[in-house]
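Taking it in order: structure first as structure tokens, then the write-up.
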Amino acid sequence: MKALGLIAVLGTGLLLLAASRDFPNWGDPSSPASSYRLSRHFITQTINETAVPNMVTAVLADYRGYDTLFEAVVIFTAGIAVIGILRRYGNRDFIPAGGEVHLTPKQPDLIVESTVRLLIPVIQIFALYVIAHGHHSPGGGFQGGVIFGASFILLALARDLRTAQNWVAEKRMLILACCGILIYAGIGVLCQLLGENFLDYQILHRILPTDPVMARYHSILGVEIGVAFTVTAIMFSIYSNLSSNGQMKEGI
Amino acid sequence: MEAQGQEGEIVSQFWIFDLILLVFLVTTAVIALRVRDLLSAAMIFGVYSFLICLLWTGMGAVDVAFTEAAVGAGVSAVFLISTVLRTSRKSSD
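Same order as they appear, the protein sequences are chains V and C.
Everything in the first sequence is counted per the working numbering, starting at 226 for the first residue and increasing by one.
Everything in the second sequence is counted per the working numbering, starting at 682 for the first residue and increasing by one.
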């Protein structure tokens, strides 16, 4: 059986290696991806149409904003699924398969706590910078949201889960996650109410004090903030459920 | 960063760096599969994410690399480690 598996793996690997010879060269201007008219449009017209220098952000949040909306919904659904599977309310005794795992209680550590106290504000400021500066540099709602959520995870790791829960209660986190999706979808519906397609930000210049190009620019920031809310909340929610066995009392 | 090769193809001058990263990438992937201690497997998986993040940076896909650094090397490693600490540490196979 193992020999068969090895033969299958080797065969597939050789096929993949043979197929990789047909790939266009790295950065080849005549490759199908670069010569297709849509890519040419994005490369030449993004700055004129949206005033966003970082093409990746413009494509992500504007041209294919519908896709990104449902990416955020996927993350939201993942968080809800983790809560649905793991979260246990009340004090019912439950012994998981393989026996209850007892972790040694955490001792307060001066060095760890001081380091974390210095680090967390820096991490959070950086996360806000990544979200807000996604137009000009790599970054955006997903990355900034993950970094912001990681700052709460770091707090829960260094102190304990209860301290982090005092900062951001479980219910408030879930409301934040819902708010994120609602901000994103709300901007889309607002465009529809003004008489354009779903997530066609151009029309928002009627209610924003800007021209259509800058309306797209600012709406991208709006949807990035929505994504960041959802991702922050869901990341911390998944961590607290995983680390406390769904009881939200003692983390690792 | 790039030079025109003899047959008109773009050759990265950092190919040695890429080669080292790829060798490390394959090594960490094999180790993460072979090791029996799941906690070490989770940590090695974080290293794998970081290496592939470096490779993507080298290819100029900075946005993807940033996401990989934040999600792959950062948060998902913490998720895996917290899951391992809450379940059993040894792999059964």
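Backbone N, C-alpha and C define an ideal beta-carbon position, used for all residues, glycine too.
Just so you know, these numbers come straight off a predicted model, no measurement behind them.
C-alpha gap between residue i and residue j, whole angstroms
{"i": "A243 of chain V", "j": "M280 of chain V", "result": "33 Å"}
{"i": "V337 of chain V", "j": "N391 of chain V", "result": "19 Å"}
{"i": "V752 of chain C", "j": "V371 of chain V", "result": "7 Å"}
{"i": "G727 of chain C", "j": "A303 of chain V", "result": "21 Å"}
{"i": "V307 of chain V", "j": "N273 of chain V", "result": "42 Å"}
{"i": "L382 of chain V", "j": "S376 of chain V", "result": "10 Å"}
{"i": "P524 of chain V", "j": "I477 of chain V", "result": "Nothing can be reported for residue 524 of chain V: it is not among the residues displayed for chain V, which extend from 226 to 477."}
{"i": "P249 of chain V", "j": "L419 of chain V", "result": "44 Å"}
{"i": "P278 of chain V", "j": "H360 of chain V", "result": "6 Å"}
{"i": "E690 of chain C", "j": "P254 of chain V", "result": "Low local confidence applies: a pLDDT of 49 at E690 of chain C is under 50, so the model's placement there is unreliable, with the coordinate-based value given in what follows. Using only the alpha carbons, I get a separation of about 11 Å."}
{"i": "G374 of chain V", "j": "S260 of chain V", "result": "39 Å"}
{"i": "G471 of chain V", "j": "R313 of chain V", "result": "5 Å"}
{"i": "V355 of chain V", "j": "M398 of chain V", "result": "21 Å"}
{"i": "A490 of chain V", "j": "S444 of chain V", "result": "What the structure shows of chain V is the stretch from 226 to 477, and residue 490 of chain V is not part of that stretch, so it cannot be assessed."}
{"i": "L736 of chain C", "j": "V716 of chain C", "result": "24 Å"}
Neighbouring residues, chain V, relative to residue i (Cβ below 7 Å)
{"i": "D744 of chain C", "result": "V281 and P363"}
{"i": "F760 of chain C", "result": "I463, Y464 and L467"}
{"i": "V752 of chain C", "result": "V371"}
Sub-8 Å separation of residue i and residue j beta-carbons
{"i": "K771 of chain C", "j": "L714 of chain C", "result": "no"}
{"i": "G364 of chain V", "j": "F698 of chain C", "result": "no"}
{"i": "E395 of chain V", "j": "M460 of chain V", "result": "no"}
{"i": "L761 of chain C", "j": "A710 of chain C", "result": "no"}
{"i": "V393 of chain V", "j": "G290 of chain V", "result": "no"}
{"i": "A286 of chain V", "j": "G405 of chain V", "result": "no"}
{"i": "N466 of chain V", "j": "L311 of chain V", "result": "yes"}
{"i": "L379 of chain V", "j": "V341 of chain V", "result": "yes"}
{"i": "A754 of chain C", "j": "S721 of chain C", "result": "no"}
Chain-ordered neighbours of residue i on chain C, where CB pairs are closer than 8 Å
{"i": "S468 of chain V", "result": "S763, L766 and R767"}
{"i": "M460 of chain V", "result": "V756"}
Chain C residues whose Cβ lies nearer than 9 Å to that of residue i
{"i": "I477 of chain V", "result": "I762, S763, L766 and R767"}
Cross-chain neighbours of residue i in chain V, by beta carbon under 8 Å
{"i": "M740 of chain C", "result": "W251"}
9 Å Cβ cut-off: residues of chain V touching residue i
{"i": "F726 of chain C", "result": "Result: empty, since nearest Cβ-Cβ is about 15 Å, beyond 9 Å."}
{"i": "F731 of chain C", "result": "Under the 9 Å cutoff, chain V gives no residues; its nearest Cβ is about 15 Å from F731 of chain C."}
If contact is defined by three or more beta carbon pairs under 8 Å, each pair taking one atom from either stretch, is the segment 702-720 of chain C in contact with the segment 402-414 of chain V? In short, these stretches do not touch, since the Cβ pair count stays below three.
Quick one, which residues of the segment 707-718 of chain C are near chain V if we go by CB-CB under 7 Å, in chain order? The residues in question: there are none.
Any residues in the segment 360-394 of chain V with a beta carbon nearer than 8 Å to a beta carbon of chain C? Which ones, in chain order? Cβ contacts with chain C come from P363, G364, G365, F367, Q368, V371, I372, G374, A375, I378 and L382.
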